[in-house]
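This report concerns only the one structure given below.
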Amino acid sequence: MSPKEQNYENLAEGIIEKLAHRNMEGYYCKDREEANAKAKRFLTPDCSISWGGSETIKEIGLLDDLLEAEGEYELFDRTKPHPGMTEKEFYGKMVTADFFLMSTNAITMDGELVNIDGNGNRVACLCNGPSNVIIIAGMNKVVPDVKSGIARVQNIAAPPNAVRLQTNTPCMEYGRCTECLADGCMCCHTVVTRMSRTPGRIKVILVGEELGY
Ligand code: SF4
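Using numbering that gives the first Met the number 0, the final residue of the sequence shown is 212, and nothing's skipped along the way.
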């Protein structure tokens, strides 16, 4: 094991302890393959699954695996047409799924989750609705505290995401946050998850790799 890998493992151990005090379950996987398998082990036969926009769940191969296994699960994929349902009805299905998959924009060394959304559907599902929330996060998402987490989202994660999504926000052009109020702003809702009221509802899989933005 390289010093970097050992350090990730040491750091994750402390975060997992802090998560437990906050009623959240924490796990450590050394790489994306292990994290993919770990996430799938939580899923129950015929369960319903929805997910928030996340490069991480794509990068670990989880999204492709679920889409290939369609039929084994009830998937609510908001990128696909949903005939017979209005947007509002479809969102109702997403928000009441058995499992919601996402990453986190940042996680503090004390186990707080920091997430910033544009339209807020992802943070809404994190806060309440789905019976279980499975979060997969590369160790690059770890920050010392909430303030650093917000700075990370706005100056590290948002600019490349803005380029990817062509948001026409200042961060897309300048590579840093200007605290904009642009029409396409991706930073309308900031949610810090200090604790889960329902023990074990939120499961955090930390991965010893750099994943997502
Ligand atoms: S507030 Fe605006 S400029 Fe700052 S990161 Fe968010 S979208 Fe970009």
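Using N, Cα and C, we set each Cβ at its ideal position, and we do this for glycine too.
For clarity, every value in this text was computed on a predicted model and none was experimentally measured.
DSSP three-state assignment for residue i, whether helix, strand or coil
{"i": "S49", "result": "strand"}
{"i": "E178", "result": "coil"}
{"i": "T197", "result": "coil"}
{"i": "T55", "result": "helix"}
{"i": "N131", "result": "strand"}
{"i": "I101", "result": "The sequence shown places Met at residue 101, not Ile. Note: M101 maps to strand in three-state DSSP."}
{"i": "L10", "result": "helix"}
{"i": "R21", "result": "coil"}
{"i": "A68", "result": "coil"}
{"i": "K3", "result": "helix"}
{"i": "Y212", "result": "coil"}
{"i": "M185", "result": "coil"}
{"i": "G60", "result": "coil"}
One or two residues paired with residue i in a DSSP bridge
{"i": "G137", "result": "V206"}
{"i": "E73", "result": "S47"}
{"i": "N114", "result": "V190"}
{"i": "T166", "result": "Answer is none; T166 lacks a bridge partner."}
{"i": "T107", "result": "V142"}
Heavy atom of the ligand SF4 within 7 angstroms of residue i beta-carbon
{"i": "Q5", "result": "no"}
{"i": "T168", "result": "yes"}
{"i": "A105", "result": "no"}
{"i": "E172", "result": "no"}
{"i": "A19", "result": "no"}
{"i": "T213", "result": "Only positions 0 to 212 of the chain appear in this structure, which leaves residue 213 out of reach."}
{"i": "Q165", "result": "no"}
{"i": "T55", "result": "no"}
{"i": "M194", "result": "no"}
{"i": "T177", "result": "yes"}
{"i": "A181", "result": "yes"}
{"i": "A68", "result": "no"}
{"i": "A157", "result": "yes"}
{"i": "C28", "result": "no"}
{"i": "N161", "result": "The identity of residue 161 in the sequence shown is Ala, whereas the question assumes Asn. Yes - the ligand SF4 has a heavy atom lying nearer than 7 angstroms to the Cβ of A161."}
Within 8 angstroms, strictly: CB atoms of residue i and residue j
{"i": "S53", "j": "A96", "result": "no"}
{"i": "L205", "j": "A11", "result": "yes"}
{"i": "R21", "j": "M194", "result": "yes"}
{"i": "P129", "j": "F98", "result": "yes"}
{"i": "K57", "j": "T103", "result": "no"}
{"i": "G183", "j": "Y7", "result": "no"}
{"i": "V132", "j": "R40", "result": "no"}
{"i": "V122", "j": "V191", "result": "no"}
{"i": "T189", "j": "I149", "result": "yes"}
{"i": "I135", "j": "T55", "result": "yes"}
{"i": "I115", "j": "C186", "result": "yes"}
{"i": "K29", "j": "E67", "result": "no"}
{"i": "I106", "j": "I14", "result": "yes"}
{"i": "F75", "j": "K87", "result": "no"}
Extent of the continuous beta strand (DSSP E) to which residue i belongs
{"i": "G25", "result": "E24 to C28"}
{"i": "V190", "result": "H188 to T192"}
Residue range of the unbroken alpha helix (DSSP H) whose run includes residue i
{"i": "I155", "result": "Unbroken run through I155: none, as it is neither H nor E."}
{"i": "R40", "result": "R31 to F41"}
{"i": "M84", "result": "Here M84 belongs to no alpha helix (DSSP H), and DSSP marks it neither H nor E."}
{"i": "A96", "result": "No alpha helix (DSSP H) holds A96; DSSP gives it neither H nor E."}
{"i": "C124", "result": "N120 to C126"}
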